[in-house]
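*Asks:* Counted from 1, the sequence shown has number 619 at position 52 by the numbering used here; the numbering is strictly sequential.
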Amino acid sequence: MINLSLSGPPDSILEMLIEAALQKGIVVVAATRNEDALATSSFPASIPGVIAVTDSGHERSRNSDQPVFAPSENIFTTLPRDQYNFVSGTSLGAAQVAGYIALLLQENPHLSTPLIRDRLIEINNREAAGRPAPPMPLSN
Numbered sequence: 568m569i570n571l572s573l574s575g576p577p578d579s580i581l582e583m584l585i586e587a588a589l590q591k592g593i594v595v596v597a598a599t600r601n602e603d604a605l606a607t608s609s610f611p612a613s614i615p616g617v618i619a620v621t622d623s624g625h626e627r628s629r630n631s632d633q634p635v636f637a638p639s640e641n642i643f644t645t646l647p648r649d650q651y652n653f654v655s656g657t658s659l660g661a662a663q664v665a666g667y668i669a670l671l672l673q674e675n676p677h678l679s680t681p682l683i684r685d686r687l688i689e690i691n692n693r694e695a696a697g698r699p700a701p702p703m704p705l706s707n
């Protein structure tokens, strides 16, 4: 499982490494740029197969197939020199999604990336429609 709580200009070497990880069945999560709510131009979140994560505060459409939405504003976290504070950014949402996926994979290491991604999007769509999501299946 790889979490990329970052976004930047396209990089061919990083893209090649991510694609190699995806081909090996490794789940890759990446943050979108804070202003790119649909993950259309964020790198590396826009790479096919990567689970793109954006802020749940963004306007979203139901039945959107990308990205996954997660809380990304006013998250209490650690800072240098033993400090703590509230910070915002899609990197924080990506870390939360990666943690959730890590827990799922701990219970069932054979879950596929497409199943995980589809389930996360289903949860997002149900929440956007005001319906609770059923429990995550732990098998393919």
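Cβ coordinates follow ideal geometry from the N, Cα and C atoms, glycine included.
Computed from a predicted structure; not experimentally measured.
If we count Cβ pairs, one from each stretch, closer than 8 Å, do we get three or more for the stretch 585-597 versus the stretch 610-626?
*Replies:* yes
*Asks:* For the candidate residues Phe610, Leu573, Leu571, whose alpha-carbon lies nearest to that of Ser579?
*Replies:* That would be Phe610, whose Cα lies nearest to the Cα of Ser579.
*Asks:* With 16 as the cutoff for other CB atoms within 10 Å, does Phe643 come out buried or exposed?
*Replies:* exposed
*Asks:* Hey, quick one: how far does the alpha helix (DSSP H) through Ile585 stretch, first residue to last?
*Replies:* 579-590
*Asks:* Can you give, in chain order, each stretch of the beta strand (DSSP E) that sits fully within the stretch 620-699 and has at least 3 residues?
*Replies:* 635-637, 642-646, 650-654
*Asks:* Short of 7 Å in beta carbon distance, which residues of its chain neighbour Gly575, apart from the five on each side in sequence? Order them along the chain.
*Replies:* Listed in chain order, the non-local C-beta contacts of Gly575 below 7 Å within the same chain comprise Phe610, local neighbours out to five positions each way being set aside.
*Asks:* Helix, strand or coil for Leu571, going by three-state DSSP, please let me know.
*Replies:* strand
*Asks:* Where do the N-terminal and C-terminal ends of the beta strand (DSSP E) with Ala597 fall, by residue?
*Replies:* 595-598
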